[in-house]
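Have a look at this one:
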């Protein structure tokens, strides 16, 4: 079991560019979660899928952020027109149910 | 607003037992207590969960007070690898998936 896989581990973009982050959940897990972590704000919930369906995106900044889960094996988080304040570590987690979550190593996004 | 209160930091020597406390005075009857830890450059890692009394696994033990308002994570024989931020989470209602992480307890382990 490789655990939750996130790619890339590091991404640097220029202001205004698009960034796409990938997550491969643990096989058999029906729930996928995205979080954002910064030193100032800590770990913040962004969005949640269950059986590939979006359930709650209340933590997502509405204008430039979007997430999809086209199949059981991966989810993407897309940030359009990235801004310096989007710089953070983006964490993906998966679980078999709504409780114990298994996190990936995260993608560190740096927007210059 | 975090549902839990933890000490911001703790310090221990290698080989010592460490007890990290967590206060959750408004815990609901439907809620469980979870502990995660996070080391630098990695995502949080689940350690243990419990509802009441005492729970133990191969990594840690968890004691929950009779009124369930206080829990204590116990790490036996800490090593340098146990240096991490430890998060106490309370969840279990309809929004159980929306795990709210507080600031956690930063455990420093000294050689």
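Chains as they are written, first to last, in the working numbering: chain R, 2 to 113; chain G, 584 to 694.
In this text, a Cβ means the ideal position worked out from N, Cα and C, and glycines have one as well.
Suppose the cutoff is 7 Å on Cβ atoms and the five residues either side in sequence are ignored; what does the same chain contact list for residue i look like?
i                      : result
residue 51 of chain R  : 31 and 32
residue 686 of chain G : 591
residue 67 of chain R  : 79
residue 103 of chain R : 4, 5, 27, 94, 95 and 96
Identify, in the order they occur along the chain, each residue of the same chain with its Cβ nearer than 8 Å to the Cβ of residue i, setting aside the five sequence neighbours on each side.
i                      : result
residue 595 of chain G : 601, 661, 690, 691, 692 and 693
Residue i to residue j, Cα distance in whole Å?
i                      : j                      : result
residue 674 of chain G : residue 77 of chain R  : 26 Å
residue 109 of chain R : residue 682 of chain G : 21 Å
residue 106 of chain R : residue 649 of chain G : 36 Å
residue 663 of chain G : residue 606 of chain G : 26 Å
residue 655 of chain G : residue 8 of chain R   : 36 Å
residue 73 of chain R  : residue 97 of chain R  : 12 Å
residue 593 of chain G : residue 630 of chain G : 18 Å
For a cutoff of 8 Å on Cβ pairs, would you count residue i as touching chain R?
i                      : result
residue 584 of chain G : Caution applies to residue 584 of chain G, whose pLDDT of 47 falls short of 50 and renders its modelled position unreliable; the value that the coordinates give is listed next. For residue 584 of chain G, the answer is no, since every Cβ of chain R falls outside 8 Å of its Cβ.
residue 669 of chain G : no
residue 682 of chain G : yes
residue 633 of chain G : no
Counting only C-beta atoms, is residue i closer than 8 Å to chain G at any point?
i                      : result
residue 106 of chain R : yes
residue 92 of chain R  : yes
residue 58 of chain R  : no
residue 3 of chain R   : no
residue 102 of chain R : yes
residue 68 of chain R  : no
residue 54 of chain R  : no
Take residue i and list the residues in its own chain whose beta-carbon comes closer than 6 Å to its own, dropping the five residues that flank it on each side.
i                     : result
residue 61 of chain R : 47 and 48
So residue i and residue j are supposed to be a Cβ contact under 8 Å. How far apart are they, rounded?
i                      : j                      : result
residue 634 of chain G : residue 615 of chain G : 5 Å
residue 626 of chain G : residue 92 of chain R  : 5 Å
residue 589 of chain G : residue 688 of chain G : 5 Å
Does any CB atom of chain A fall closer than 8 Å to the CB of residue i?
i                      : result
residue 646 of chain G : Of the chains in the structure shown, none is chain A; the protein chains are R and G.
**Study point:** Runs of beta strand (DSSP E) lying entirely within the stretch 626-663 of chain G, each at least 3 residues, in chain order
**Key:** Runs of the beta strand (DSSP E) inside the stretch 626-663 of chain G: 628-633, 637-639, 644-647 and 653-658.
Just list the beta strand (DSSP E) runs in the stretch 48-81 of chain R, keeping only unbroken ones of 3 residues or longer that don't cross its boundaries, in chain order.
Counting whole runs of 3 or more residues, the stretch 48-81 of chain R contains the beta strand (DSSP E) stretches 54-57, 66-72 and 75-80.
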